[in-house]
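**Student:** Here's a structure for you.
Protein chains: 2
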Amino acid sequence: MTKKENILSIFALGGVNEIGKNMYAIQYSNDIVIIDCGSKFPDESLLGIDLIIPDISYLQEHKDKVRALIVTHGHEDHIGGIPYFLKKLNIPVYATRFTLGLIELKLKEHRLLGDTELVQIDSESICYFGEINVTFFKTSHSIPDCLGIVFDTPEGTVVHTGDFKFDLTPVNNQYADIHKMAEIGKKGVLVLLSESTNAERPGSTPSEQIVGDHIEEAFMKARRKVFISTFASNVNRVQQVVDASLKTNRKLALLGRSMVNVVTVAMERGYLQIPDGMLIDAHEINELEPERVSILCTGSQGEPMAALSRLSSSNYRGVDILPEDTVIISASPIPGNERNVSRIIDNLFLLGAKVIYGSGSVTGMHVSGHAYQEELKLMLTLMKPQYFIPIHGEFRMLHQHRLLAESIGVEKKNTFIIGNGDVVDIENMTARQTRKIPSGNIYVDGVGVGDVGSIVLRDRKQLSEDGMLVIVITLSKSERRIISGPDTISRGFVYARDSENLLRNVNGLVKSTVNDLQKENLHQWNVIKQNIKKSVGKYLYSHTKRKPMILPIIIEI
Amino acid sequence: MTKKENILSIFALGGVNEIGKNMYAIQYSNDIVIIDCGSKFPDESLLGIDLIIPDISYLQEHKDKVRALIVTHGHEDHIGGIPYFLKKLNIPVYATRFTLGLIELKLKEHRLLGDTELVQIDSESICYFGEINVTFFKTSHSIPDCLGIVFDTPEGTVVHTGDFKFDLTPVNNQYADIHKMAEIGKKGVLVLLSESTNAERPGSTPSEQIVGDHIEEAFMKARRKVFISTFASNVNRVQQVVDASLKTNRKLALLGRSMVNVVTVAMERGYLQIPDGMLIDAHEINELEPERVSILCTGSQGEPMAALSRLSSSNYRGVDILPEDTVIISASPIPGNERNVSRIIDNLFLLGAKVIYGSGSVTGMHVSGHAYQEELKLMLTLMKPQYFIPIHGEFRMLHQHRLLAESIGVEKKNTFIIGNGDVVDIENMTARQTRKIPSGNIYVDGVGVGDVGSIVLRDRKQLSEDGMLVIVITLSKSERRIISGPDTISRGFVYARDSENLLRNVNGLVKSTVNDLQKENLHQWNVIKQNIKKSVGKYLYSHTKRKPMILPIIIEI
Chain A
1 MTKKENILSI
11 FALGGVNEIG
21 KNMYAIQYSN
31 DIVIIDCGSK
41 FPDESLLGID
51 LIIPDISYLQ
61 EHKDKVRALI
71 VTHGHEDHIG
81 GIPYFLKKLN
91 IPVYATRFTL
101 GLIELKLKEH
111 RLLGDTELVQ
121 IDSESICYFG
131 EINVTFFKTS
141 HSIPDCLGIV
151 FDTPEGTVVH
161 TGDFKFDLTP
171 VNNQYADIHK
181 MAEIGKKGVL
191 VLLSESTNAE
201 RPGSTPSEQI
211 VGDHIEEAFM
221 KARRKVFIST
231 FASNVNRVQQ
241 VVDASLKTNR
251 KLALLGRSMV
261 NVVTVAMERG
271 YLQIPDGMLI
281 DAHEINELEP
291 ERVSILCTGS
301 QGEPMAALSR
311 LSSSNYRGVD
321 ILPEDTVIIS
331 ASPIPGNERN
341 VSRIIDNLFL
351 LGAKVIYGSG
361 SVTGMHVSGH
371 AYQEELKLML
381 TLMKPQYFIP
391 IHGEFRMLHQ
401 HRLLAESIGV
411 EKKNTFIIGN
421 GDVVDIENMT
431 ARQTRKIPSG
441 NIYVDGVGVG
451 DVGSIVLRDR
461 KQLSEDGMLV
471 IVITLSKSER
481 RIISGPDTIS
491 RGFVYARDSE
501 NLLRNVNGLV
511 KSTVNDLQKE
521 NLHQWNVIKQ
531 NIKKSVGKYL
541 YSHTKRKPMI
551 LPIIIEI
Chain B
1 MTKKENILSI
11 FALGGVNEIG
21 KNMYAIQYSN
31 DIVIIDCGSK
41 FPDESLLGID
51 LIIPDISYLQ
61 EHKDKVRALI
71 VTHGHEDHIG
81 GIPYFLKKLN
91 IPVYATRFTL
101 GLIELKLKEH
111 RLLGDTELVQ
121 IDSESICYFG
131 EINVTFFKTS
141 HSIPDCLGIV
151 FDTPEGTVVH
161 TGDFKFDLTP
171 VNNQYADIHK
181 MAEIGKKGVL
191 VLLSESTNAE
201 RPGSTPSEQI
211 VGDHIEEAFM
221 KARRKVFIST
231 FASNVNRVQQ
241 VVDASLKTNR
251 KLALLGRSMV
261 NVVTVAMERG
271 YLQIPDGMLI
281 DAHEINELEP
291 ERVSILCTGS
301 QGEPMAALSR
311 LSSSNYRGVD
321 ILPEDTVIIS
331 ASPIPGNERN
341 VSRIIDNLFL
351 LGAKVIYGSG
361 SVTGMHVSGH
371 AYQEELKLML
381 TLMKPQYFIP
391 IHGEFRMLHQ
401 HRLLAESIGV
411 EKKNTFIIGN
421 GDVVDIENMT
431 ARQTRKIPSG
441 NIYVDGVGVG
451 DVGSIVLRDR
461 KQLSEDGMLV
471 IVITLSKSER
481 RIISGPDTIS
491 RGFVYARDSE
501 NLLRNVNGLV
511 KSTVNDLQKE
521 NLHQWNVIKQ
531 NIKKSVGKYL
541 YSHTKRKPMI
551 LPIIIEI
């Protein structure tokens with residue numbers, strides 16, 4: 001790939017055609033600036049995988065050019081890949097005070113704290129990376145201290161929105177700086193990269209304050225303990241829970257590691273106001289009158305090991321949900337999590353709790369942090385970009401976002417729907433999407449990063465569906481006959497004790513297969529193994545309609 | 001379990017605290033009548049399982065008392081278990097003309113057709129089973145020819161609603177017989193069993209006709225081919241697709257085996273009117289002008305092997321979705337299927353199609369077949385039962401349904417929320433829930449029914465997450481030393497070629513473990529195996545944070 005010097009290039013290493021692992025890059029001449037480095041949770045087809053992070057081999061190849069990682073905000077899909085990234089490419093990380101707090105938690109976990117330069121910025125900061133000048137603007141989202149980013153280059157200005165909504169009555173002063181956005185737009189934007197999560201939804205997101213009103217109402221009505229579960233990082237939601245507890249004269253307990261960690265960071269850094277003496281420990285809950293206690297807990301997505309799930313199955317030491325307690329789920333289930341959340345709600349009702357659940361619009365207990373169509377159109381209108389790249393979304397969301405851009409006057413040909421690895425090059429004010437760089441999913445499994453590939457996953461899939469059968473035979477080297485075995489060991493296929501006949505027949509089949517081959521003077525191991533696999537596989541499928549993995553093992557003595 | 005003679009007993013073998021595998025029973029004295037025998041699809045935790053059916057061991061034990069299986073309608077969660085049931089308990093099956101058609105398809109597949117007495121009934125039929133008189137009433141649902149069932153017993157009347165909604169402007173005359181229901185209620189209902197699927201949803205379901213209007217509008221607007229995907233069994237929806245095709249002068253092709261099968265049954269039996277010459281074969285699609293063709297296909301739930309999924313990945317022989325074609329998804333994704341449906345929509349947009357998708361209320365392309373809260377209240381009001389048993393739903397739905405019953409005057413203590421296997425006994429007009437009969441999930445995997453249990457599933461889970469490592473050593477019987485191996489074979493754990501070091505270290509560890517044991521004169525196989533598992537497991541976890549299944553195999557020569 002040859003490339004001229006003074007080209008402005010934009011590409012994604014994650015975040016387009018998917019929700020998760022956001023990672024974008026702006027390159028001008030010999031300077032590359034990275035935006036975000038997220039992770040993504042695997043879907044159920046990726047058996048045993050813990051986490052997915054972006055493939056950064058292109059950046060490693062060009063590491064002399066990579067100047068900085070700028071982080072728009074502290075959600076996992078924007079910071080979850082940072083520890084893995086820094087192990088490969090140790091560059092300075094720029095983020096706001098709160099976002100840095102969350103990144104530091106993460107680096108501490110990976111024992112990386114202190115190894116990397118962390119630079120605190122705010123919406124008034126200016127940074128220079130070669131000929132790229134970087135400035136920022138405040139946005140509203142479901143986590144404090146979010147930034148949009150402005151890259152001024154000799155070729156023109158590129159704006160990256162980060163995640164945003166327009167909340168005109170936000171909690172804790174987390175205002176979007178619409179005036180600054182208007183100024184940026186007025187000066188002229190060459191390329192806008194804007195997030196697309198809710199591009200399918202008409203209208204505008206309700207304000208976070210609406211949720212506060214509903215929480216307060218539920219707290220007022222509750223005559224016993226109130227449990228409320230939400231994302232720990234939604235500090236403004238947490239603030240509203242604190243406020244409702246205060247108004248109803250309740251002490252507040254925090255359950256779940258991430259809740260405690262994030263609240264601690266938010267308090268230390270001034271993003272959350274909790275009066276002295278209000279927080280209590282879990283073991284103090286039972287010492288107070290039920291109507292004097294509220295409990296904020298993790299697990300709103302039904303995560304099996306999180307606090308809410310354990311509470312719902314009466315499995316949280318020292319804390320019980322009792323009849324007439326109130327439980328509020330202040331979140332919407334992310335697609336894929338519905339069943340786990342439903343199971344928890346069932347269990348909560350079984351415990352006799354009053355459960356307030358259901359999609360945000362029904363209960364008023366949740367609002368999205370991502371702009372709906374009218375807000376996306378407002379961003380597009382403010383920025384009036386010449387070129388538009390919808391990011392942060394699956395294909396249908398990017399597609400709908402393109403239609404929104406068209407509706408406010410961006411020509412269809414000036415919108416680039418890119419995939420991860422696609423590069424948009426801009427030269428002389430003209431943008432083209434012609435080349436591709438390496439990109440992809442790196443799987444994290446345990447401590448292994450990238451060591452689980454398609455073969456291992458294919459094997460796991462087969463093992464998960466039909467289990468396996470190990471067949472061991474010992475052959476005599478000299479006489480070429482079976483001197484021990486066949487021994488069969490089955491796991492995940494049939495329960496051996498119930499299937500003695502089947503396994504006995506397999507043994508017979510293996511013997512006759514091996515003997516037939518010996519008669520034909522075929523002694524190569526791989527021939528014997530292939531024939532065992534074939535005959536046993538055929539027999540088992542015809543008798544069970546299952547295809548376990550068959551592992552013949554031959555020992556020669 | 002002793003039981004007096006003249007007791008009326010009601011129980012469920014499937015369908016409560018779950019969605020799926022509905023099976024209920026009414027017993028009076030020595031006569032048991034079964035209502036429905038459904039199946040359920042496994043969730044992702046049941047690795048490799050194809051289907052779940054009810055445990056009918058209680059009925060097998062009392063097979064001399066089981067008189068009949070009455071089927072309310074032809075959905076899988078009401079008929080899917082029938083072939084397995086009949087193999088164990090060959091009793092007459094009663095159902096309406098259309099429902100019988102679908103049951104016959106199923107029996108044909110299992111090669112059971114002709115083995116069982118199939119009795120065709122309609123809403124005017126009367127059946128006698130001992131002292132139980134059975135009559136019926138018509139209901140509206142998302143499949144034709146549905147029945148509610150009335151059991152008159154010496155103890156009183158039991159009504160089972162089947163699945164229903166109140167559609168006052170239904171398609172193809174599928175009216176609910178409200179007058180008959182009112183009469184039944186007026187005569188007095190002792191116990192009502194009513195379905196709870198939508199007990200969480202306020203208001204009423206829109207009429208099926210609304211969908212027809214929207215389909216027609218989309219067909220009018222479309223300038224090229226129209227693809228529409230819905231449940232094959234929703235024959236009234238299919239009728240509306242036929243009507244829209246007719247009005248826009250399009251021929252209609254059917255894609256997908258179940259679509260062809262069900263449409264054939266519906267036409268033969270008079271539940272669907274399709275003009276002669278309107279249906280075309282798939283291979284004729286390309287011979288017509290695109291604006292003269294519509295295609296009705298399976299796969300609205302994102303099923304990977306169904307027609308829509310294959311069409312969306314350009315993998316359906318002879319039929320292509322081209323730019324500007326219209327694709328309508330006339331269904332809502334069932335929880336758990338969202339990701340598969342979304343993937344298909346992404347692919348359809350990539351092909352350039354106009355896709356009409358999203359929840360029914362947004363597009364008007366789908367309405368539910370299950371009563372919402374106001375309709376459930378109407379049923380409760382019509383029947384005015386003394387006792388109420390909410391059925392057909394997960395716990396939170398049953399719980400909400402109980403609240404609805406309370407709201408129209410059923411005393412809380414007279415509602416029984418039962419689990420599968422719980423029995424409600426009624427004697428002298430007094431109901432009690434005191435005893436339990438065997439019930440449960442039977443897993444179907446391939447041809448195996450019930451042979452996959454918790455041990456096999458636990459093994460599949462471990463194998464699916466971290467794979468396995470087989471370690472083979474051959475010991476000399478006489479000298480008690482390793483004469484061959486250790487040989488290690490890994491599947492689904494690490495890719496062996498990338499992990500030579502790790503596996504070499506495992507071999508070393510196995511050798512030293514075995515040698516240490518020999519020195520201590522410990523020769524028992526199980527001791528050697530346990531020690532290998534322990535030391536290798538510990539080593540692997542510390543180096544990979546994974547816990548593969550470790551299978552030590554010892555050959556003694």
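Residue numbers (UniProt numbering), protein chains in the order written: chain A, 1 to 557; chain B, 1 to 557. Backbone N, C-alpha and C fix where the C-beta goes; we use that ideal spot for every residue, glycine too.
I want to see whether chain A comes within less than 8 Å of Tyr443/B, judged by CB atoms only; does it?
**Tutor:** For the purposes of this step, residue 443/B is taken as residue 443 along the second sequence, with counting starting at 1. Chain A contact via Cβ: absent.
**Student:** When burial is assigned at 16 or more other CB atoms within 10 Å of the CB, is Val527/B buried or exposed?
**Tutor:** What you label residue 527/B is simply residue 527 of the second sequence in a count that begins at 1. Val527/B is exposed by the Cβ-count criterion.
**Student:** Do you know offhand how far Val16/B's Cα is from Asn236/A's?
**Tutor:** Reading the second sequence from its first residue, position 16 is the one you call residue 16/B. Reading the first sequence from its first residue, position 236 is the one you call residue 236/A. If I take the Cα positions, the gap works out to 40 Å.
**Student:** By how many angstroms is the C-alpha of Ser45/A removed from the C-alpha of Leu46/B?
**Tutor:** Within the second sequence, residue 46/B is the residue found at index 46, counting from 1. Within the first sequence, residue 45/A is the residue found at index 45, counting from 1. When rounded, the distance between both Cα atoms is 13 Å.
**Student:** Any beta carbon from chain B within less than 8 Å of Glu338/A's own beta carbon?
**Tutor:** For the purposes of this step, residue 338/A is identified with residue 338 of the first sequence, where counting begins at 1. Yes - at least one Cβ of chain B is within 8 Å of the one on Glu338/A.
**Student:** To the nearest angstrom, how far is it from the Cα of Gly203/B to the Cα of Ser194/B?
**Tutor:** Taking the first residue of the second sequence as 1, we reach residue 203/B at position 203. Taking the first residue of the second sequence as 1, we reach residue 194/B at position 194. Whole-angstrom Cα-Cα distance: 17 Å.
**Student:** For Glu465/B, return the contacting residues in chain A, with the cut-off set at a CB-CB distance below 7 Å.
**Tutor:** Numbered from its first residue, the second sequence carries residue 465/B at position 465. Those within 7 Å of Glu465/B in chain A are Leu47, Gly48.
**Student:** Beta-carbon separation of Ala253/A and Ile295/A under 8 Å?
**Tutor:** Here residue 253/A refers to the residue found at position 253 when the first sequence is read from its first residue. Here residue 295/A refers to the residue found at position 295 when the first sequence is read from its first residue. Contact flag set, yes.
**Student:** Under the assumption that Asp95/A contacts Val71/A (Cβ atoms under 8 Å), give the Cβ distance between them as a whole number of angstroms.
**Tutor:** Counting from 1 along the first sequence, the entry for residue 95/A is found at position 95. Counting from 1 along the first sequence, the entry for residue 71/A is found at position 71. Strictly speaking, residue 95/A in this sequence is Ala, with Asp absent from that position. The pair is a contact, with the Cβ atoms about 4 Å apart (cut-off 8 Å).
**Student:** On the premise that Pro54/A lies in contact with Ala437/A, defined as a C-beta separation below 8 Å, what is that separation, rounded to the nearest angstrom?
**Tutor:** In the first sequence, counting from the first residue as 1, residue 437/A sits at position 437. In the first sequence, counting from the first residue as 1, residue 54/A sits at position 54. Note that residue 437/A is Ile in the sequence shown here, rather than Ala. No, Ile437/A and Pro54/A are not in contact; Cβ-Cβ is about 12 Å, not under 8 Å.
**Student:** Suppose you measure from the CA of Cys37/A to the CA of Thr513/A; what does that come to, to the nearest Å?
**Tutor:** Taking the first residue of the first sequence as position 1, residue 37/A is located at position 37. Taking the first residue of the first sequence as position 1, residue 513/A is located at position 513. Going by the C-alpha atoms only, they are around 55 Å apart.
**Student:** Does any residue of chain A bring its CB to less than 8 Å from the CB of Val16/B?
**Tutor:** Numbered from its first residue, the second sequence carries residue 16/B at position 16. Answer no: the Cβ-Cβ gap between Val16/B and chain A never drops below 8 Å.
**Student:** When you compare the CB positions of Asn420/B and Ala25/B, do they come within less than 8 Å of one another, or not?
**Tutor:** Here the question's residue 420/B lines up with position 420 in the second sequence. Here the question's residue 25/B lines up with position 25 in the second sequence. Not closer than 8 Å, so no.
**Student:** I need the straight-line Cα distance from Thr2/B to Ser29/B, nearest angstrom please.
**Tutor:** Indexing the second sequence from 1 puts residue 2/B at position 2. Indexing the second sequence from 1 puts residue 29/B at position 29. Because Thr2/B sits at a pLDDT of 44, beneath the cut-off of 50, its placement in the model cannot be relied upon, and the following sentence gives the value as read from the coordinates. Each residue's alpha carbon lies about 13 Å from the other.
**Student:** Can you check the stretch 38 to 68 of chain B for any alpha helix (DSSP H) of at least 4 residues that lies completely inside it and give the ranges in chain order?
**Tutor:** Complete alpha helix (DSSP H) runs here, min 4: 57 to 61.
**Student:** Helix or strand or just coil, what does DSSP make of Ser407/B?
**Tutor:** Here the question's residue 407/B lines up with position 407 in the second sequence. Helix at Ser407/B.
**Student:** Go through the stretch 494 to 552 of chain B residue by residue and report every complete run of the alpha helix (DSSP H) that reaches 4 residues or more, in order.
**Tutor:** Complete alpha helix (DSSP H) runs here, min 4: 500 to 519, 525 to 544.
**Student:** Could you name the residues of the stretch 307 to 327 of chain B whose beta carbon sits closer than 9 Å to any beta carbon of chain A, in the order they occur along the chain?
**Tutor:** Correct list: empty, as no residue qualifies.
**Student:** Do we get a CB-CB distance below 8 Å when we pair Ile489/B with the residues of chain A?
**Tutor:** Residue mapping note: residue 489/B aligns to position 489 of the second sequence, counting from 1. So yes, Ile489/B belongs to the interface.
**Student:** For Ser476/B, which residues from the same chain have a beta carbon less than 7 Å from its beta carbon, with the 5 sequence-adjacent residues on both sides left out?
**Tutor:** By one-based count along the second sequence, residue 476/B stands at place 476. If we look at Ser476/B and ignore the five residues flanking it on each side, its Cβ neighbours are Ile483, Ile557.
**Student:** Per DSSP, what are the beta-bridge partners of Glu284/A in this structure?
**Tutor:** In the first sequence, residue 284/A corresponds to position 284, counting from 1. Paired residue(s): none; Glu284/A is not in a bridge.
**Student:** Give a yes or no on whether the minimum CB-CB distance between Arg460/A and chain B is below 8 Å.
**Tutor:** Working through the first sequence from its first residue, we reach residue 460/A at position 460. Yes, its Cβ sits closer than 8 Å to a Cβ of chain B.
**Student:** Where does Thr2/B sit, in a helix, a strand or coil, going by DSSP?
**Tutor:** Stepping through the second sequence from its first residue, residue 2/B is reached at position 2. Summary for Thr2/B: the model assigns pLDDT 44, below 50, so the residue's position carries little reliability; its value from the coordinates is reported in the next sentence. The answer is coil: DSSP assigns Thr2/B none of H, G, I, E or B.
**Student:** Which residues share a DSSP beta bridge with Arg435/A?
**Tutor:** In the first sequence, residue 435/A corresponds to position 435, counting from 1. Arg435/A is bridged to Val423/A.
**Student:** Kindly list the residues whose CB is nearer than 8 Å to the CB of Asn90/A, restricted to its own chain and excluding five residues on each side of it in sequence; keep chain order.
**Tutor:** As a working mapping, residue 90/A is identified with position 90 in the first sequence. These residues qualify, in order along the chain: Asp115, Thr116.
**Student:** Let me check understanding here. Comparing Cα to Cα, which of Leu69/B, Glu183/B, Phe98/B, Leu100/B lies closest to Asn22/B?
**Tutor:** For the purposes of this step, residue 22/B is identified with residue 22 of the second sequence, where counting begins at 1. Comparing Cα positions, the closest option is Leu69/B.
**Student:** Are at least three pairs of beta-carbons, each pair with one atom in the stretch 536 to 549 of chain B and one in the stretch 461 to 468 of chain B, less than 8 Å apart?
**Tutor:** Cβ pair count under 8 Å is three or more, so yes.
**Student:** Taking only beta-carbon positions, decide if Asn549/A is within less than 8 Å of chain B.
**Tutor:** Numbered from 1 along the first sequence, position 549 holds the residue referred to as residue 549/A. Going by the sequence as given, residue 549/A is Met instead of Asn. True, the Cβ-Cβ gap to chain B drops below 8 Å.
**Student:** Checking contacts by CB at 8 Å: is Lys3/B closer than that to chain A?
**Tutor:** Taking the first residue of the second sequence as 1, we reach residue 3/B at position 3. Residue confidence for Lys3/B is low, a pLDDT of 49 falling below 50, so the modelled location carries little weight; the figure read from the coordinates is stated next. Chain A contact via Cβ: absent.
**Student:** Which residues mark the beginning and the end of the alpha helix (DSSP H) in which Leu457/A is found?
**Tutor:** Here residue 457/A corresponds to residue number 457 of the first sequence, with the count starting at 1. Looking at the DSSP string, the run of the alpha helix (DSSP H) that includes Leu457/A is 454 to 466.
**Student:** Can you check whether the C-beta of Thr474/A is within less than 8 Å of a C-beta belonging to chain B?
**Tutor:** For this step, residue 474/A is matched to residue 474 along the first sequence. Cβ-Cβ to chain B under 8 Å: yes for Thr474/A.
**Student:** So, are the CB atoms of Ser300/A and Ile329/A less than 8 Å apart?
**Tutor:** Within the first sequence, the letter at position 300 stands for residue 300/A. Within the first sequence, the letter at position 329 stands for residue 329/A. Yes, they are a contact pair.
**Student:** Any idea if Asn347/B is buried or exposed, counting beta-carbon neighbours within 10 angstroms, 16 or more meaning buried?
**Tutor:** Stepping through the second sequence from its first residue, residue 347/B is reached at position 347. Per the 10 Å Cβ criterion, buried.
**Student:** According to a CB-to-CB cut-off of less than 7 Å, which residues of the stretch 380 to 395 of chain B neighbour chain A?
**Tutor:** Within the stretch 380 to 395 of chain B, the residues whose Cβ lies closer than 7 Å to some Cβ of chain A are Glu394, Phe395, listed in chain order.
**Student:** Can you grab the Cα-Cα spacing for the pair Arg292/B / Met220/B, in whole Å?
**Tutor:** Along the second sequence, one-based indexing puts residue 292/B at 292. Along the second sequence, one-based indexing puts residue 220/B at 220. Taking the straight line from one Cα to the other gives about 11 Å.
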